[in-house]
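Heads up: the protein sequence lines correspond to chains A and B, in order.
Residues in the first sequence are numbered from 1 upward in steps of one, following the UniProt record's numbering.
Residues in the second sequence are numbered from 1 upward in steps of one, following the UniProt record's numbering.
First the structure, in the form of structure tokens, and then the observations on it.
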Amino acid sequence: MKPMTTLLVLVFSSVIALSAQARDKRDYHEALYEEGCKSCHDQGLKNYPSDESCLQCHDMGELAEQTKREGHEAKQNPHDSMHYGQEAPCMECHGEHTKKQAICMDCHNFNYPNFTK
Amino acid sequence: MQTRRSFLKFGAGAAAVGALAPLTASAKSSDIKWDESHEVVIVGSGFAGLAAAVEAGKLGAKDIVVFEKLGVYGGNSTLNAGQACFADTDLQRKLGIKDSAELMVKDQLASGRGYASEELLRHSAELGPYIYQLTKDCGCVYRDHIINTGGTSATRSHQVVERSGAGFIRPMLKTARSYGVKTKTRHKFEGLITAADGSVLGIKVRKGYHTEHEDSGKLINVKAERGVLIATGGFAANVAFRQALDPTLGHEVGHTNARGATGDGLIAMLAEGAMPIHLSFIQSGPWASPDEGGFGYGAGFSLYNFPHSIAIDRNTGMRFMNETADRKHRADLEIQRRDKDGNPHPALLIAPKHEAQKDPSMENVLKYNVAWEFDSVEAIAKHFDLPLKALKQQIEDWNGYVKAGHDPQFGKRMDMSTGIYMTAPFIVQRLWPKVHYCQGGIQINTKAEVIAAKNGKPIPNLYAAGEVSGGVHGVSRLGGCSTPDCMAFGVTAARSMMKA
């Protein structure tokens, strides 16, 4: 039993180490990782960051401008939509460590070509 | 979820001693550690919650809070076609439509199949003109076109220009905030805090909640000075719950609702002894498309086109229903469309393009692959593998009904399709019902007070409005009749709390 337990401990600890190291992350956020987890996790490491956290660097108005759509598609701007205006929090659609899809896609077959899951 | 008993045991600081000793002492407000206190506490930011917030603001409440579980406002109320049935409005008169609150109640009673509450329906219908004006005062803008929804004897479904509930929610949210209403997302209602006599003192809320992460955030106690309004919607997104109540509504059937429609508010009120009513009456939308998620664009397209279009069974190439019958009638028939192995074989809604193109919904369904254009009957039959001869005959027969103004096949009201013949090119959408609305819930009265199951009396300081309440519509709710119901009882709850 004992060697088995040791093996298990080894396996588990390597899994834990891996999960911390190999966690999904966005390359363009590298600088924030260097500053430490708390640069985003403003409510403690075990909790989700606040909805204001991303907005320390990103500006919803600017994002809305960047993803602006014209004419018939104007209200499909994910950062300024018909349903939620500019109030949809980043984490409803974007994940840093997990893959997500835009909340719009719950109901619509929209095409957001620049969206990375 | 926390019952009063478990709260007394563990929540009020009695801890282990409480678990051993018999509970004789009543919970008093002073025994509880309150994290927040508000004059009016509203749970849910849909039609009912926001109408209550606006009305309470108008009536002079100084401290109103609206808690929303999701990260976004509006819940299910922002995901629909933005319709509201009102009777005898200026717009109806302008369009030459004769209608009355009495007639609206009569139509709803028929659809309720003997289970609807005439008293509650009348209360809601009579508040209709007030609600219509309230929404306009909030900045909601109605189209000049009134929609005909199934099961009605007069065309009365007023629609906002966005053709989405967002056209109500966004202006109402803005108006509520102009009255100083505090609106908070990611605040999940976890249970009522009640005194020993059953009256509601406040609620438990999970602050910082993220959907599907049940232990995210932290629990806080919120005191409600005037009362609590539960306006949390239905449970269409809770498959286990809905399937227990209606075995036909398993995973095979999607739903049109927001992610949050899991019945939390309902379950918490049941735990406190509220009267359950009509829980098994769950409605599926007969206008939904299996080619997109949720409510999507397909619903808007079929709502506009049902009156002058035909729904075709793919095995027979023929109609199988009155396309403007009430929702239950149509959804029940649609879900019976099966291939030879019993698998879903969604029916086809065939609309003439010359009429369909008059509504903006056509461009949406074509663009996002929810419907397709065909330039001949042959092309439809070939693409969907339909018996061509039968389909051709059906279309010829249908055009005869349009001409005669009479549908001997299914008795459809034909005054909505006068002169609108079924000619190529055609727009075709598939139809498969999705769970849309829960007629059942907890019982309320005309003051929006929640009724206790044990004695049929109101539970002090507890109010409910909208889909979470039950018994209003009976077996089947008519289209466009939830919005005015939600708002009417939201307004009523605010008046009750403000003693107006």
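Every residue gets a Cβ at the ideal spot worked out from N, C-alpha and C, and that includes glycine.
Out of B:G75, B:S111, B:A87, the CA that lies nearest to the CA of S157 (chain B) is found in B:A87. For A465 (chain B), there are no neighbours in chain A by C-beta distance under 7 Å, as the nearest C-beta there is about 22 Å away. P458 (chain B) has B:I451 as its beta-bridge partners, per DSSP. Taking the C-beta atoms as reference points, F295 (chain B) is found no nearer than 8 Å to S361 (chain B).
The criterion of a C-beta distance shorter than 8 Å is satisfied by V205 (chain B) and E190 (chain B). DSSP places T183 (chain B) in no alpha helix (DSSP H) but in the uninterrupted beta strand (DSSP E) bounded by 182–184. If you draw a straight line from the Cα of F168 (chain B) to the Cα of A465 (chain B), it comes to about 17 Å. DSSP, read as helix, strand or coil, puts I203 (chain B) in strand. Contact check for V253 (chain B) against S284 (chain B) passes: the beta carbons are separated by less than 8 Å. Secondary structure of A331 (chain B) (DSSP, three-state): helix. In the structure shown, W398 (chain B) falls within a helical segment according to DSSP collapsed to helix, strand and coil. Taking every protein chain shown into account, the CB of L388 (chain B) has fewer than 16 other CB atoms within 10 angstroms, so this residue is exposed. If you look at S37 (chain B), you'll find it in the beta strand (DSSP E) that goes 36–43. At least one CB atom of chain A sits nearer than 8 Å to the CB of L79 (chain B). Note that the C-beta distance between E363 (chain B) and H72 (chain A) is below 8 Å.
Using beta-carbon distances, C40 (chain A) does not count as an interface residue toward chain B, since no partner is under 8 Å. Below 8 Å, too few C-beta pairs join the segment 259–273 of chain B and the segment 385–401 of chain B to call them touching: fewer than three.
Ranked by Cα distance from R170 (chain B), the options A:M105, A:M82, A:C104 are led by A:M82. Linking R413 (chain B) to H473 (chain B) through their CA atoms gives a straight-line distance of about 23 Å.
For D51 (chain A), the nearest beta carbon of chain B is closer than 8 Å to its own beta carbon. The DSSP-derived three-state label of I147 (chain B) is strand. Taking a C-beta distance under 8 Å as the contact criterion, I193 (chain B) and A488 (chain B) do not qualify as a contact pair. In this structure, DSSP gives C140 (chain B) a state outside helix and strand, which the three-state scheme calls coil. Cβ-Cβ distances below 8 Å link R186 (chain B) to E68, K69, L70, G71, K207, G208, Y209, H210, G217 in the same chain, with the five nearest sequence neighbours on each side left out; the list follows chain order. Within the DSSP bridge table, the entry for Q159 (chain B) names B:Q83 as partners.
The C-beta of T262 (chain B) has 16 or more other C-beta atoms within 10 Å across all chains shown, which makes the residue buried. For Y112 (chain A), no CB of chain B lies under 8 Å from its own CB, so it is not counted at the interface with that chain. Taking 8 Å as the CB threshold, F235 (chain B) stays off the interface with chain A. In this structure, G165 (chain B) places its C-beta atom within 8 Å of the C-beta atom of G74 (chain B).
Residue burial is scored here from C-beta neighbours: K62 (chain B) has fewer than 16 other C-beta atoms within 10 angstroms and is therefore classed as exposed.
Residue range 218–230 is occupied by the beta strand (DSSP E) that includes N221 (chain B).
If you look at T483 (chain B), you'll find it isn't in any beta strand (DSSP E); it sits in the alpha helix (DSSP H) that goes 482–497. A Cβ-Cβ separation of about 32 Å leaves L103 (chain B) out of contact with S45 (chain B) under the 8 Å criterion. With its beta carbon at least 8 Å from every one in chain A, S302 (chain B) lies outside the interface.
Residue state for P171 (chain B) is assigned as helix, using DSSP reduced to three classes. P307 (chain B) and G150 (chain B) have their C-alpha atoms spaced approximately 9 Å apart.
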